[in-house]
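Let me begin by presenting the structure, written as structure tokens, before commenting on it.
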Amino acid sequence: MSNVLVTSSLVAKEALAILQNMLGFAKNVNRDYQDEFAGNQSRGYSPGQTINIKRPPRYTYRAGRVSVPQATVETTVPLTLSQGGTDLNFTSFERTLSVQQFEQKMQAAVAAVVNEIDRQGLDLARRTVANAVGTVGTLPNTQATALAIMTQGQQKLDEMAAPRDRQRSIVVNPAMNASIVQGLAGLFNASSNIGKQYQSGMFVDGLGLNVAMDQNVSRHTNGTAVAATNTVNGAGQTGSTLTVNALNGTLTAGTVFTIAGVNSVNPQSRQDTGSLQQFVVLANAASSATSVSIGPAIVTSGAFQTVTASPANSATITILGAASASYDTNVMYHKDAFTLAMVPMFEPLNGTGAKVTQMSDDGFTVKVTPFYDGVNDNNLMRLDVLFGWACTYPELACKVVA
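Quick note on numbering: the sequence shown equals residues -9 to 392 in my numbering.
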């Protein structure tokens, strides 16, 4: 019997294919900014572990003939890279006699990498996205509720001026997937879609959305603050810190809330949407705290206006869900809401004895490094990725809670 030789280049190619195929959330987000790293590296310069992603400036409309020059204000969002991966250990006997066993190990190894990439991105969405639809503790398993939650999510994206360019997606966990399949089963659909849904048991693309199911959808737990009993301390506040009367409990990062009398505006027209502006807590706040870090910032005028007015003194703060309630944060989003960068890593120089293979395709990169433990006759192989997430436009995403 001849030996089965599994080279690092074949492993890298297979690992990359598995990675691209298994990603749920990450495959439908913006991938443009990895060129900031890779392009500069090819010119002998590295921008460092963190880059600041520029958001385009906004301007207001001028009525009439007289020019009113406006300052150009560019805001940035940081994206920080981190290294991770997984490692395999197999004997020469396994490598020689069972390539199938090796492939199974590799698939399991890549699955661990995929899960972590998606987990980090989905947890970022939980912590940074303010828009939310759905009822905490209730799955939409009827036709009316399933259709309502899908259209309400799209309404939020429309109000925030998300493009209708076929680049909207939704990522749901298994419970939400099962519920929506049940709820939308009776709606008119093309026979091909009905067949796919029946055969796979998966909610398929529809209603203008690319659909993915991902077990890594984050679960959020509210703090102990009571839902509609805390209040604002002081009128006329603006910015990303909200001064409040001493909280009657804790607030956890990712908690969504509204403030009485403060509506959202369309970011392009600055017109009142008729809906209360939803805010998200960006950092944990302790019981009795008198300030809360929030997003979006309260801006009452100008190109970056977010709300119709500042909150009034003693305005009531209403938290989504009850105190200490837990709920799943499925995500509906436009592609530009989130950015993922996967960057090629440094490879050891020729002559060091290392046999490293690194492959990239469509913005995904995997590095494979085999090495040998001669004492125990073990073949070891490490799979590495270098990646980072940023929530570049949180207003272009919406949590779908249950």
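Note that the Cβ used here is the ideal one computed from N, Cα and C, for glycine as well.
DSSP state of residue i, grouped into three classes?
| i | result |
| --- | --- |
| V104 | helix |
| F294 | coil |
| V119 | coil |
| S278 | coil |
| Q172 | helix |
| L310 | coil |
| V365 | coil |
| M140 | helix |
| S259 | coil |
| F80 | strand |
| T329 | strand |
Below 8 Å on the Cβ atoms is my contact criterion, and I expect residue i with residue j to pass it. Report the Cβ-Cβ distance as a whole number of Å.
| i | j | result |
| --- | --- | --- |
| T280 | N212 | That pair is no contact at about 19 Å. |
| A165 | D318 | 7 Å |
| S395 | R116 | There is simply no residue 395 to check, as the chain begins at -9 and stops at 392 in what is shown. |
| F247 | T290 | Contact flag wrong, Cβ pair sits at about 18 Å. |
| S265 | L237 | With a Cβ gap of about 25 Å, S265 and L237 do not count as contacting. |
| A293 | R55 | Their Cβ separation, rounded to whole angstroms, is 21 Å, which puts A293 and R55 out of contact at 8 Å. |
Per the DSSP calculation, residue i is bridged to which residue(s)?
| i | result |
| --- | --- |
| P360 | M371 |
| L13 | DSSP lists no partner for L13. |
| M203 | V162 |
| I249 | I307 |
| S72 | F377 |
| R397 | The first residue shown for the chain is -9 and the last is 392, placing residue 397 beyond what the model contains. |
| L232 | V282 |
| Y317 | H210 |
| D351 | F354 |
If I measure Cβ to Cβ from residue i and keep anything under 6 Å in the same chain, skipping five residues before and after, which residues do I get?
| i | result |
| --- | --- |
| A152 | H324 and L386 |
| P130 | A136, I139, S169 and G173 |
| L232 | V282 and I284 |
By Cβ distance below 7 Å, which residues in the same chain neighbour residue i in space, the five residues on each side in sequence not counted?
| i | result |
| --- | --- |
| I43 | Y23, T66, V67, L69, T329, A380 and T382 |
| G244 | R116, R117, H210, V270 and V271 |
| R372 | G75, D77 and T359 |
| A16 | I107, D108, G111 and L330 |
| R52 | V58 |
| A273 | A243 and S283 |
| A5 | M96, V100, V356, V358 and L373 |
Suppose the cutoff is 8 Å on Cβ atoms and the five residues either side in sequence are ignored; what does the same chain contact list for residue i look like?
| i | result |
| --- | --- |
| A392 | G124, T125, V126, G127, T128, L129, P130, A165, M166, S169, Y317, D318 and N320 |
| V162 | I170, F193, V201, A202, M203, D204, V207, N320 and V390 |
Can you confirm whether residue i, when its beta carbon is compared against all beta carbons of chain B, has any partner nearer than 8 Å?
| i | result |
| --- | --- |
| G311 | In the structure shown, chain B does not exist; there is a single protein chain. |
Check whether the stretch 374 to 392 touches the stretch 314 to 331, taking contact to mean three or more Cβ pairs, one atom from each stretch, closer than 8 Å. Two segments are said to touch when three or more pairs of C-beta atoms, one from each, lie closer than 8 Å; by this definition the stretch 374 to 392 touches the stretch 314 to 331.
Does the structure place the stretch 349 to 364 close enough to the stretch 302 to 312 that three or more beta carbon pairs sit under 8 Å? Short answer: they don't touch.
Would you check if there are 3 or more beta carbon pairs closer than 8 Å linking the stretch 242 to 255 to the stretch 195 to 203? No, the stretch 242 to 255 does not touch the stretch 195 to 203.
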